[in-house]
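Student: 300 is the number of the first residue of the sequence shown in the numbering used here; add one for each residue after it.
Where is the CB? At the ideal position from N, CA and C, for every residue including glycine.
Handing you a structure now.
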Amino acid sequence: MLIQDRLKSFVLRKGRITSNQKRAINELWGRFVIDGSRNLESSWAEKPSALDIGFGAGETTIHLAKTKPEMSVLGAEVYLSGIGSLLSKADEESLNNISILNEDVVPFLKERVPDDCFNLILMFYPDPWPKRKHHKRRLLQKDFIDLLNKKLKVGSVFYFKSDWEHYFQEASKLLFKNNEWRVIEKRELENYLVDLPQTSFERKALASGRKLNELILEKII
Numbered sequence: 300m301l302i303q304d305r306l307k308s309f310v311l312r313k314g315r316i317t318s319n320q321k322r323a324i325n326e327l328w329g330r331f332v333i334d335g336s337r338n339l340e341s342s343w344a345e346k347p348s349a350l351d352i353g354f355g356a357g358e359t360t361i362h363l364a365k366t367k368p369e370m371s372v373l374g375a376e377v378y379l380s381g382i383g384s385l386l387s388k389a390d391e392e393s394l395n396n397i398s399i400l401n402e403d404v405v406p407f408l409k410e411r412v413p414d415d416c417f418n419l420i421l422m423f424y425p426d427p428w429p430k431r432k433h434h435k436r437r438l439l440q441k442d443f444i445d446l447l448n449k450k451l452k453v454g455s456v457f458y459f460k461s462d463w464e465h466y467f468q469e470a471s472k473l474l475f476k477n478n479e480w481r482v483i484e485k486r487e488l489e490n491y492l493v494d495l496p497q498t499s500f501e502r503k504a505l506a507s508g509r510k511l512n513e514l515i516l517e518k519i520i
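Here it is in structure tokens:
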């Protein structure tokens, strides 16, 4: 399937942006946001690096950057409110190891990122597209799983979370079919990944009675 023919996993909706988020976007965009039409620098593959896909309000992205200052952290998000929040927090914490991609992550990974690049890829709570007719829009499909596998270094981690049971089960079946990964327990992770902060999204999900499912995989081949 050609990239331009692929169904996108997101629909851009006009959301509310706070004055603080707007200020951060206006003042900090050029400092943190990368040009998705250019290749990711080869140095990303030469040092510890992480990709946080759909980072929401950026709590996890900030945690990674603060606890692993030697790691370059790339956060991918299409919604400006989330980007504004992350920009504001990154500036407040004086973090210089965060970069932001405000574009569709799929063509960027295909065309602009070298293979064997990342030590860690996070994908927390992607849009579940709950209606059956929309399932084909779900991001975690076989082709995307194969793409993620190419971009991870051997020994690296893919960490997936979902609060939508059906999506989690279907995605897990696809992930289990890939014999280049093995399932690992949370206790096998480094401390900075064991002690992730609870995000605002997770608090809302738990308050609504939804279960938070997670799957952690290590690339072994």
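Hey, out of 426, 359 and 386, whose CA is closest to residue 462's CA?
Tutor: For the purposes of this step, residue 462 is taken as residue 163 along the sequence shown, with counting starting at 1. Out of 426, 359 and 386, 426 has the C-alpha closest to the C-alpha of residue 462.
Student: Quick one: what's residue 461 bridged to in DSSP?
Tutor: Locating residue 461 in the sequence shown gives position 162, counting from the first residue. Residue 461 is bridged to 512.
Student: Taking just the CA atoms, how far does residue 404 sit from residue 308?
Tutor: Mapped onto the sequence shown, residue 308 falls at position 9. Mapped onto the sequence shown, residue 404 falls at position 105. Low confidence applies here, because residue 308 scores a pLDDT of 48, under 50, leaving its location unreliable and the question unanswered by this model.
Student: Work out the CA separation of residue 455 and residue 470 for me, nearest whole Å.
Tutor: Here residue 470 refers to the residue found at position 171 of the sequence shown. Here residue 455 refers to the residue found at position 156 of the sequence shown. For residue 470 and residue 455, the distance between alpha carbons rounds to 19 Å.
Student: Rounded to a whole number of angstroms, what is the C-alpha to C-alpha distance between residue 391 and residue 331?
Tutor: Sequence index remark: in the sequence shown, residue 391 carries index 92 (1-based). Sequence index remark: in the sequence shown, residue 331 carries index 32 (1-based). So the two alpha carbons sit approximately 13 Å from each other.
Student: Roughly how many whole angstroms lie between the Cα atoms of residue 324 and residue 457?
Tutor: Locating residue 324 in the sequence shown gives position 25, counting from the first residue. Locating residue 457 in the sequence shown gives position 158, counting from the first residue. Straight-line Cα distance between these residues: approximately 29 Å.
Student: If residue 354 sits next to residue 376, beta carbons under 8 Å apart, how far is it from one beta carbon to the other, in whole angstroms?
Tutor: Along the sequence shown, one-based indexing puts residue 354 at 55. Along the sequence shown, one-based indexing puts residue 376 at 77. That pair is a contact at about 5 Å.
Student: Rounded to whole angstroms, how far is the Cβ of residue 422 from the Cβ of residue 459, which I believe are closer than 8 Å?
Tutor: In the sequence shown, the residue the question calls residue 422 occupies position 123. In the sequence shown, the residue the question calls residue 459 occupies position 160. Sure, about 5 Å apart at Cβ, within 8 Å.
Student: Would you give the residue range spanned by the alpha helix (DSSP H) that residue 490 belongs to?
Tutor: On the sequence shown, position 191 is the one that residue 490 refers to. Counting along the chain, the alpha helix (DSSP H) containing residue 490 begins and ends at 490 to 493.
Student: Let me make sure I understand the geometry here. Which of 316, 498 and 520 has the alpha-carbon closest to that of residue 378?
Tutor: Taking the sequence shown and counting its residues from 1, one reaches residue 378 at position 79. Ranking 316, 498 and 520 by Cα distance to residue 378 puts 316 first.
Student: If we call anything under 8 Å between Cβ atoms a contact, is residue 491 one with residue 367?
Tutor: The residue labelled residue 491 in the question sits at position 192 within the sequence shown. The residue labelled residue 367 in the question sits at position 68 within the sequence shown. Yes, the pair counts as a contact, with Cβ atoms nearer than the cut-off.
Student: Measure the C-alpha to C-alpha separation of residue 394 and residue 348 and round it to an integer number of angstroms.
Tutor: Position 95 of the sequence shown, counted from the first residue, corresponds to residue 394. Position 49 of the sequence shown, counted from the first residue, corresponds to residue 348. For residue 394 and residue 348, the distance between alpha carbons rounds to 15 Å.
Student: When the Cα of residue 438 is compared with those of 320, 319, 352 and 328, which residue comes out closest?
Tutor: Within the sequence shown, numbered from 1, the residue matching residue 438 stands at position 139. With distances taken between Cα atoms, residue 438 lies closest to 352.
Student: What does the Cβ neighbour count give for residue 510, buried or exposed, with the cut at 16 atoms within 10 Å?
Tutor: Numbered from 1 along the sequence shown, position 211 holds the residue referred to as residue 510. Label assigned to residue 510: exposed.
Student: Based on Cα-Cα distance, which residue from 433, 401, 399 and 356 lies nearest to residue 466?
Tutor: The residue you call residue 466 lines up with position 167 of the sequence shown. The residue with the shortest Cα to Cα distance from residue 466 is 433.
Student: Give the C-beta separation of residue 381 and residue 356 to the nearest angstrom, bearing in mind that I take them to be a contact with Cβ-Cβ under 8 Å.
Tutor: Taking the first residue of the sequence shown as position 1, residue 381 is located at position 82. Taking the first residue of the sequence shown as position 1, residue 356 is located at position 57. 6 Å between Cβ atoms; contact.
Student: Alpha carbon to alpha carbon, what distance is there between residue 343 and residue 500?
Tutor: In the sequence shown, the residue the question calls residue 500 occupies position 201. In the sequence shown, the residue the question calls residue 343 occupies position 44. About 29 Å.
Student: Determine the closest residue to residue 445 out of 415, 464, 429 and 430, with distance taken between C-alpha atoms.
Tutor: For the purposes of this step, residue 445 is taken as the residue at position 146 of the sequence shown. It is 415 whose Cα lies nearest to the Cα of residue 445.
Student: How would you call residue 340, buried or exposed, if buried means at least 16 neighbouring beta carbons within 10 angstroms?
Tutor: Taking the sequence shown and counting its residues from 1, one reaches residue 340 at position 41. Classification of residue 340: exposed, given that the 10 Å Cβ count is below 16.
Student: I'd like the list of long-range same chain contacts for residue 512, defined as Cβ closer than 8 Å, with 5 residues on each side in sequence excluded.
Tutor: As a position in the sequence shown, residue 512 is number 213, starting the count at 1. Excluding residues within five positions, the ones whose Cβ falls inside 8 Å are 460, 461, 462, 464 and 467.
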